[in-house]
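Read the structure below first, then the notes.
Number of protein chains: 2
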Amino acid sequence: MAEHTVKAFDEDITHLRGLIAEMGGLAEVSIHEAIESMVRGDGELGKQVVLRDKKIDALETEVDRLAVRVIALRAPMADDLREVIAALKIAGVVERIGDYAKNIAKRVDRIENRSRFEPLTLIPAMAEVAAEMVHDVLTAYAARDPELALEVIKTDEKVDAFYDSIFRNLVSHMVENPATISSAAQLLFVARNIERIGDHATNVAEMVHFAATGLYPPDEDH
Amino acid sequence: MAEHTVKAFDEDITHLRGLIAEMGGLAEVSIHEAIESMVRGDGELGKQVVLRDKKIDALETEVDRLAVRVIALRAPMADDLREVIAALKIAGVVERIGDYAKNIAKRVDRIENRSRFEPLTLIPAMAEVAAEMVHDVLTAYAARDPELALEVIKTDEKVDAFYDSIFRNLVSHMVENPATISSAAQLLFVARNIERIGDHATNVAEMVHFAATGLYPPDEDH
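As C-alpha cells, then:
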C-alpha cells in the first residue's frame, strides 16, 4: 500500500478496534446489570439491559459496514486483511455475549420468592467471573496479548465448575420445593446463559491468541 | 473486474455457496440424529453427531479461508464484496446450529426413564419444524429467494409455541415426579437448544432477505 493508504488503513483499524472496545464495555455493564436486576427483582433495570442491547447490535452493524468499506477502499492484503476479518468475527461474538445478558434480563419478572434461592448467591459470583473474562479478553485483544488470552481460556474452567454446582443445587432445590420449580427452571437458564458467555469469551480468546501467535491454543471442546 | 476475474470470482462464489450448502446439509442431518438418539437413548448415534460437528467446524474454517483469499485476490467491490461477507456470516451461524445439535446429542446419556416423558413426543415434532427451517433457509439462500426467507421467519413462531408448551409440560412433570427432575432439566435444555436453532435459522433468513431485497424484514426481537 502507498504510505497515505497505510496511514488511512491504520486509522480504520484503530476505529474498528475502538468500536469493538465500546461493544465489549457495554456488554460487560449489561452482564453486571442483568445479574443485579435478577438478584434484586428490579424489572426497570432489566429493561435498561434490553435497551442497551440495541446499542450493541447497532455497533456491530457499524463494525460490519466499516469493515466492508475498509476492504473495498484499502484492499488490504495478508495480515491486514485477516485483522479486518478478525474484527468482524469478534464483533459477532461480542454481540452474542450481549444477547445472553439480554436473555438473563428478560427473565427478571419470571422469578418468584427470590430470597429463597441459594443459587441466587452463587449466580452473581459466577457472573462476576464471566464478566471478568469478557473484560480481560477485550484487554487481550486491544493489547494483542496472547498470554492474557490463555488466562481467559483457563478461567473458563471456573465458570464451568460454577455451572455444574448451580445445576445440582437447583435440581435439589426443585426436588425439595416443588412449588418453586418454574422459577428454578428460569434460574437454570440464567446459569446456562452465563456459562455460554464464558464459552464465547473463550472463543474470542482463541481468536486473539491465534492472531497474535499464528497458533491455535490447546484444543478445548465447546 | 476484467472478464477472466469476473469468471474466477463467480467460480469462487459458487464454491463458497457449495461449502455452505454442505455445512447446512450436515447440520440438518445432525438435528435429526441428535433427536433420534435422544428419543431412543442411543449413545452411539449421539457420538456420531458429536463427530460430525468437527466436520462442520472444518467446513466453516474452509469458508473463512476461501473468503479471505477471494477478497485478497479478486478485490470484489460493492455487491460482490457484500456477498462474500454474507457467506462468512452465514457460515458462522450454520456452525452454531451444528453446535446446538451437538449439545443435544451430548445429553443423551443424562436422561433416565425416557419412556415416562410426554415431552419426548413433543420435542421431535418441534425439532422437525426447526430442521425444516434450516433446510428451507438454505434453499432460500441458494435460490436468493426472499419470499421463502420470509416464510422461514414466520415459521419461527411455531417453534416458539412448541417451546412454551414443552416448558410448561416439563415443569408440571417435575412437580408431579420429583425423582425425574434432573432428566427433565436436561430436556428443558434440549427444547431450548431447538428453540435457538429456530432463532438462528431466522437470523440467516433475515440476511438472505436483506441480500436479495436490500430491506430488513419487519423487526423481530430475539
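Chains as they are written, first to last, in full-length UniProt numbering: chain A, 1 to 222; chain B, 1 to 222. The beta-carbon is built from N, C-alpha and C at its ideal position, and this holds for glycine as well. These numbers were taken from a predicted model, which means no experiment stands behind them.
Residues of chain A with CB closer than 7 angstroms to the CB of Ile13(B), please, in chain order. Locating residue 13(B) in the second sequence gives position 13, counting from the first residue. Going along chain A, no residue has its Cβ under 7 angstroms from Ile13(B), so there is no contact; the nearest lies around 16 angstroms.
Cutoff 8 angstroms; reference Asn113(B); Cβ partners in own chain excluding five residues on either side: Start at 1 with the first residue of the second sequence, and residue 113(B) comes out as number 113. Contacts found: Thr180, Ser183.
Less than 8 angstroms between CB atoms is the rule here; does Ile153(A) satisfy it with respect to chain B? Residue mapping note: residue 153(A) aligns to position 153 of the first sequence, counting from 1. No - not a single Cβ of chain B is within 8 angstroms of the one on Ile153(A).
Can you list, in chain order, the stretches of the beta strand (DSSP E) that have 3 or more residues and sit fully within the region 43-126 of chain A? Here no run is fully enclosed.
Using a Cβ cut-off of 8 angstroms (strictly closer), state whether Pro217(A) contacts chain B. Taking the first residue of the first sequence as position 1, residue 217(A) is located at position 217. By the rule that beta-carbons nearer than 8 angstroms mark a contact, Pro217(A) does not touch chain B.
Residue 286(B), enclosing alpha helix (DSSP H) - first and last residue: This structure gives no information on residue 286(B), because the portion of chain B shown stretches from 1 to 222.
For the region 57-77 of chain B, list every residue whose C-beta sits within 9 angstroms of some C-beta in chain A, in sequence order. Asp64, Ala67, Val68, Ile71, Ala72, Ala75, Pro76, Met77
On the criterion of 16 or more Cβ atoms from any shown chain inside 10 Å, does Tyr216(A) qualify as buried, or is it exposed? Taking the first sequence and counting its residues from 1, the one referred to as residue 216(A) is at position 216. So Tyr216(A) counts as exposed.
Which term fits Asp221(B), buried or exposed, when burial requires 16 or more other beta carbons within 10 angstroms of its beta carbon? Sequence index remark: in the second sequence, residue 221(B) carries index 221 (1-based). Model confidence at Asp221(B) stands at a pLDDT of 45, short of 50, so the residue's coordinates are unreliable and nothing is read from them.
With distance defined between alpha-carbon atoms, name the residue in Val129(B), Leu148(B), Glu128(B), Ala127(B) nearest to Val137(B). Numbered from its first residue, the second sequence carries residue 137(B) at position 137. Residue Leu148(B) is the option with its Cα nearest to Val137(B).
Three-state secondary structure (DSSP) at Tyr141(A)? Taking the first sequence and counting its residues from 1, one reaches residue 141(A) at position 141. DSSP places Tyr141(A) in helix when its eight states are reduced to three.
For a cutoff of 8 angstroms on Cβ pairs, would you count Glu220(A) as touching chain B? For this step, residue 220(A) is matched to residue 220 along the first sequence. Confidence is the limiting factor: at Glu220(A) the pLDDT is only 47, short of 50, which leaves the residue's position unreliable, though a coordinate-based value still follows. False, the Cβ-Cβ gap to chain B never drops below 8 angstroms.
Delimiting residues of the alpha helix (DSSP H) encompassing Tyr163(A): As a first step, residue 163(A) is located in the first sequence; it is residue number 163 there, counting from the start. Segment 146-176, the alpha helix (DSSP H) holding Tyr163(A).
Sequence-distant residues of its chain with Cβ nearer than 7 angstroms to Ala8(B) (five each side left out): Here residue 8(B) corresponds to residue number 8 of the second sequence, with the count starting at 1. Closer than 7 angstroms at the Cβ level, and outside the excluded window around Ala8(B), lie Arg74.
What's the gap between the Cα of Lys175(A) and the Cα of Val152(A)? Indexing the first sequence from 1 puts residue 175(A) at position 175. Indexing the first sequence from 1 puts residue 152(A) at position 152. Rather than Lys, the amino acid found at residue 175(A) in this sequence is Val. Each residue's Cα considered, the two are about 35 angstroms apart.
Under 8 angstroms between C-beta atoms, does Leu81(B) make it to chain A? Here residue 81(B) corresponds to residue number 81 of the second sequence, with the count starting at 1. Yes, contact with chain A.
So with Cβ pairs under 8 angstroms, would you call Ala143(B) a contact of chain A? Taking the second sequence and counting its residues from 1, one reaches residue 143(B) at position 143. Chain A, which has no Cβ nearer than 8 angstroms to the Cβ of Ala143(B), makes this no.
Please classify Thr155(B): is it buried, with 16 or more other beta-carbons within 10 angstroms of its beta-carbon, or exposed? Translated into positions along the second sequence, residue 155(B) becomes position 155. Per the 10 Å Cβ criterion, buried.
How is Ala2(A) classed by DSSP in three states: helix, strand or coil? Position 2 of the first sequence, counted from the start, is the residue given in the question as residue 2(A). Here Ala2(A) sits in coil by DSSP.
Applying a beta-carbon distance threshold of less than 9 angstroms, which residues of chain B neighbour Arg192(A)? Along the first sequence, one-based indexing puts residue 192(A) at 192. Those within 9 angstroms of Arg192(A) in chain B are Phe189, Arg192.
Run down chain B in chain order and give the residues with a C-beta less than 8 angstroms from the C-beta of Pro178(A). The residue you call residue 178(A) lines up with position 178 of the first sequence. Going along chain B in sequence order, the residues near Pro178(A) (Cβ under 8 angstroms) are Met174, Val175, Pro178.
When we look at the beta-carbon of Lys102(A) and count the other beta-carbons within 10 Å, is it buried (16 or more) or exposed? Taking the first residue of the first sequence as position 1, residue 102(A) is located at position 102. Looking at its Cβ environment, which holds 16 or more other Cβ atoms inside 10 Å, Lys102(A) is buried.
Can you tell me whether Glu220(B) is helix, strand or coil according to DSSP? Sequence index remark: in the second sequence, residue 220(B) carries index 220 (1-based). Since pLDDT at Glu220(B) reaches only 47, below the 50 mark, its modelled position is unreliable, and the value read off the structure follows with that caveat. Three-state result, Glu220(B): coil.
Spell out whether any CB of chain B is found under 8 angstroms from the CB atom of Leu120(A). For the purposes of this step, residue 120(A) is identified with residue 120 of the first sequence, where counting begins at 1. Not one chain B Cβ lies under 8 angstroms of Leu120(A).
Val171(A): contacting residues in chain B (beta-carbon distance under 7 angstroms): Looking up residue 171(A) in the first sequence gives position 171. Those are Ile181, Ser182, Ala185, listed as they occur along chain B.
Are the beta-carbon atoms of Val134(A) and Val159(A) separated by less than 8 angstroms? Against the first sequence, residue 134(A) aligns to sequence position 134. Against the first sequence, residue 159(A) aligns to sequence position 159. No.
Distance cutoff 8 angstroms, beta carbons only. Does Leu88(A) sit that close to anything in chain B? Translated into positions along the first sequence, residue 88(A) becomes position 88. By this cut-off, Leu88(A) is an interface position.
Below 8 angstroms on the Cβ atoms is my contact criterion, and I expect Val93(B) with Asn203(B) to pass it. Report the Cβ-Cβ distance as a whole number of Å. By one-based count along the second sequence, residue 93(B) stands at place 93. By one-based count along the second sequence, residue 203(B) stands at place 203. Confirmed, about 6 angstroms.
Compare the C-alpha of Gly43(B) against each of Ile104(B), Met23(B), His209(B), Glu206(B) and name the closest. Position 43 of the second sequence holds residue 43(B). Comparing Cα positions, the closest option is Ile104(B).
Going straight from the alpha carbon of Leu122(A) to that of Ala34(A), what length do you get? To locate residue 122(A), count along the first sequence from 1; it is residue 122. To locate residue 34(A), count along the first sequence from 1; it is residue 34. Each residue's Cα considered, the two are about 15 angstroms apart.
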